[in-house]
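The numbering of the sequence shown is my numbering, which starts it at 1 and goes up by one. Below: the structure, in C-alpha cells.
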Amino acid sequence: MLNALFQPFTLRTLTLKNRFVMAPMTRSFSPGGIPGPDVAAYYRRRAEGDVGLILSEGTVIERASSSNDPDVPHFHGEAALHGWKHVIDEVHAAGGRMGPQLWHMGVMPLHKSGWSPPVPFEGPSDRINTEKRNGRAMSDADIADTIAAFGRAAHHAQALGFDLVELHGAHRYLIDQFFWNATNTRTDRYGGTTLAERTRFACEVIREVRRQVGQRMVVQIRISQWKPGAYDNKLATTPREMEAWLTPLIEAGADLLHCSQRRFWEPEFDGSDLNFAGWAKKLTGIPVITVGSVGLSGEFTAAFRGDSSTATPLDELVRRFDRGDFDLVAVGRALLMDPHWTRKIRDGRTNELLGFSKEALQNLR
Numbered sequence: 001m002l003n004a005l006f007q008p009f010t011l012r013t014l015t016l017k018n019r020f021v022m023a024p025m026t027r028s029f030s031p032g033g034i035p036g037p038d039v040a041a042y043y044r045r046r047a048e049g050d051v052g053l054i055l056s057e058g059t060v061i062e063r064a065s066s067s068n069d070p071d072v073p074h075f076h077g078e079a080a081l082h083g084w085k086h087v088i089d090e091v092h093a094a095g096g097r098m099g100p101q102l103w104h105m106g107v108m109p110l111h112k113s114g115w116s117p118p119v120p121f122e123g124p125s126d127r128i129n130t131e132k133r134n135g136r137a138m139s140d141a142d143i144a145d146t147i148a149a150f151g152r153a154a155h156h157a158q159a160l161g162f163d164l165v166e167l168h169g170a171h172r173y174l175i176d177q178f179f180w181n182a183t184n185t186r187t188d189r190y191g192g193t194t195l196a197e198r199t200r201f202a203c204e205v206i207r208e209v210r211r212q213v214g215q216r217m218v219v220q221i222r223i224s225q226w227k228p229g230a231y232d233n234k235l236a237t238t239p240r241e242m243e244a245w246l247t248p249l250i251e252a253g254a255d256l257l258h259c260s261q262r263r264f265w266e267p268e269f270d271g272s273d274l275n276f277a278g279w280a281k282k283l284t285g286i287p288v289i290t291v292g293s294v295g296l297s298g299e300f301t302a303a304f305r306g307d308s309s310t311a312t313p314l315d316e317l318v319r320r321f322d323r324g325d326f327d328l329v330a331v332g333r334a335l336l337m338d339p340h341w342t343r344k345i346r347d348g349r350t351n352e353l354l355g356f357s358k359e360a361l362q363n364l365r
C-alpha cells in the first residue's frame with residue numbers, strides 16, 4: 001500500500017526521492033540564534049533516514065522583534081548563516097534535500113523565561129488575538145523593511161545551497177496575522193473586510209522572495225485555518241472564500257501550499273471528506289503538502305501539554321494520496337521521535353515504529 005508514497009516528486013529544479021517531508025518543529029536549541037554542530041547533526045540524521053524533504057524549524061528574519069525566544073535560530077548575520085551553511089552541507093552529504101522556513105512571529109506573548117526583544121513586537125495591529133494586545137501596529141516603512149528582510153533571507157538560502165524556501169504564513173504568526181480579521185484591523189491597503197483583500201502583505205512578501213531567488217527555486221508557503229487558542233477558526237468559511245484567499249498567493253509566485261491542520265483526516269467543509277490540503281489542490285491545481293498527526297494517535301497541540309501518542313497505521317493517508325488529494329505529506333512528531341521513521345515505513349518494519357512522548361521535545365535526537 002505504501003509504495004505510492006515512495007514515488008519521486010519533481011517541481012522546478014527540486015527532485016525528491018519520496019513524498020515524505022519533515023515538518024518544521026521549533027526546538028529552541030540555537031543559543032543566541034546561532035545553530036551549532038548539534039543542530040546540523042540533528043538534521044543530517046533525518047536525511048540519513050531517507051526523508052524526502054526536510055523543512056527546518058522556523059528561522060527568524062532580520063527584524064528586531066521577529067522572535068520572542070532567544071534560542072530560536074536566526075536566518076541573518078554572519079554567525080547564524082555560517083551555522084546554516086554547515087547544516088545544509090551535512091544534509092546534502094547524506095543525500096537529503098532541505099529548505100529553511102523563514103519566519104517573523106508578529107505580535108506575541110512574552111517568552112516563559114521573561115525574555116523580550118529590544119523593541120516592541122509588531123504586527124498589522126497591536127493584537128495577539130481578539131482579547132490580548134502586546135505590541136504595536138507596523139508603519140508602511142516597517143512593512144517595506146520586513147518584506148525586504150524576507151527577500152534577503154531567501155537570497156541567503158539560495159546562496160548557501162538550500163533547495164527551496166518556505167514562508168511561515170500559518171498559526172497566528174506575522175503573515176497569518178495579516179490574513180486574520182481578529183488581528184488585522186487596518187483600514188489602509190494592507191487591511192480589508194474580505195480575506196482576499198488581506199492577502200496583500202503575503203503577496204508582496206512572495207513577490208519579493210521570488211524576485212530574489214528567480215524562477216528556478218521552489219517557493220512555498222505554510223498556511224492554516226486554525227490559530228493557537230482558536231482551534232476551530234476558519235479564515236475561509238466556504239470553498240469560494242478559500243479560492244479567493246489562495247489564488248493571489250499563487251499569482252504572486254508561490255509554487256506549493258503547505259496546508260497545516262491538526263488532524264489530516266478531518267474534512268474542511270461540510271458535504272465533502274476533503275481535508276484542507278485536498279480542497280487547496282482542488283481549487284488551485286498546484287501541488288500541496290498535507291500535515292496533521294500523521295502516524296500518531298494524538299494531535300500535536302496535546303503533545304505540548306505532555307500527552308503521549310501511539311503509532312497508528314497509514315491506510316487513510318494512502319487512500320487520500322491515491323485519490324490525488326495531495327502530493328507530499330509532512331510528518332512532525334513521529335520523525336522527531338525517530339529519525340529512521342521513513343526508512344522503517346519503506347521497509348515494512350511497522351512493528352518497530354515508536355509512539356511519541358514529551359521527553360522528545362527536550363533533546364536533539
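Don't be surprised by glycine CBs; every beta carbon is placed ideally from N, CA and C. Values in this document were obtained by computation on a predicted structure and should not be read as measured data.
Query                                                                                                                                                                                 : Result
When you compare each of G292, S28 and G285 to S113 by their alpha carbons, which one comes out closest?                                                                              : S28
Given that a residue counts as buried once 16 or more other Cβ atoms are within 10 Å of its Cβ, and exposed if not, what is H82?                                                      : exposed
Is it buried or exposed, G271, if we count other Cβ atoms within 10 angstroms and call 16 or more buried?                                                                             : exposed
Does the Cβ-Cβ distance between F162 and P100 come in under 8 Å?                                                                                                                      : yes
On the DSSP bridge list, what partners appear for F20?                                                                                                                                : V329
Could you spell out where the beta strand (DSSP E) holding E78 opens and where it closes?                                                                                             : From DSSP, E78 is part of no beta strand (DSSP E) but of the alpha helix (DSSP H) over E78 to A93.
Using a Cβ-Cβ cut-off of 8 Å (strictly less than) and excluding sequence neighbours within five positions of P31, which residues of its own chain qualify?                            : P70 and D71
Which value, in whole angstroms, describes the spacing of the CA atoms of E208 and E251?                                                                                              : 13 Å
Tell me whether the beta-carbon of P37 lies closer than 8 Å to the beta-carbon of H92.                                                                                                : no
Using the Cα positions of G355 and P313, report the straight-line distance between them to the nearest angstrom.                                                                      : 12 Å
State the Cα-Cα distance for the pair F150 and N3, rounded to the nearest angstrom.                                                                                                   : 37 Å
Give every residue of the same chain whose Cβ lies closer than 7 Å to the Cβ of L235, excluding the five residues on either side of it in the sequence, and list them in chain order. : F179, W180, L195, Q225 and W245
For T247, name the three-state secondary structure that DSSP assigns.                                                                                                                 : helix
Count the other CB atoms within 10 Å of the CB of P109; is the residue buried (16 or more) or exposed (fewer)?                                                                        : exposed
Pair every Cβ in the segment 5-25 with every Cβ in the segment 50-64, then say whether three or more of these pairs are closer than 8 Å.                                              : yes
Between the Cα of R366 and those of W115, G106 and T146, spot the shortest distance and give me the residue it belongs to.                                                            : Since the first and last residues shown for the chain are 1 and 365, residue 366 lies out of range.
Run through the segment 237-295 for me and flag every whole beta strand (DSSP E) of 3 or more residues, listed as ranges in chain order.                                              : 256-260 and 288-291
So what does DSSP say about P100, is it helix, strand or coil?                                                                                                                        : strand
Leaving out the 5 sequence neighbours to the left and right, which residues in its chain are closer than 6 Å to D145 when beta-carbon positions are compared?                         : none
Check for me: the alpha helix (DSSP H) holding R222 runs from which residue to which?                                                                                                 : First-last for R222: V218 to S224, but that is the beta strand (DSSP E), not the alpha helix (DSSP H).
Thinking H168 and R222 are a contact (beta carbons under 8 Å), I'd like their distance in whole angstroms, please.                                                                    : 5 Å
Give the secondary structure of K234 by DSSP, where H, G and I count as helix, E and B as strand, and everything else as coil.                                                        : coil
Just to confirm, are V294 and V331 a CB contact at a threshold of 8 Å?                                                                                                                : yes
Between the C-alpha atoms of S67 and M1, what's the straight-line distance to the nearest angstrom?                                                                                   : 42 Å
Can you tell me which of Q261, L353, E243 and T310 puts its alpha carbon nearest to the alpha carbon of V329?                                                                         : Q261
In three-state DSSP terms, what is T26?                                                                                                                                               : coil
Could you give the DSSP three-state label for V165: helix, strand or coil?                                                                                                            : strand
Mind checking who L11 pairs with in its DSSP beta bridge?                                                                                                                             : L14
Rounded to a whole number of angstroms, what is the C-alpha to C-alpha distance between Q7 and K17?                                                                                   : 7 Å
For R186 versus P124, is the C-beta distance shorter than 8 Å?                                                                                                                        : yes
Which of the three DSSP states, helix, strand or coil, is assigned to H340?                                                                                                           : coil
Return yes when the Cβ of L283 is within less than 8 Å of the Cβ of P228, no when it is not.                                                                                          : no
Express the C-alpha separation of R44 and M98 in angstroms, rounding to a whole number.                                                                                               : 10 Å
Return the chain-ordered list of same chain residues with a C-beta closer than 7 Å to the C-beta of N233, the five sequence neighbours on each side being excluded.                   : Q225, W226 and K227
Can you tell me whether L55 is helix, strand or coil according to DSSP?                                                                                                               : strand
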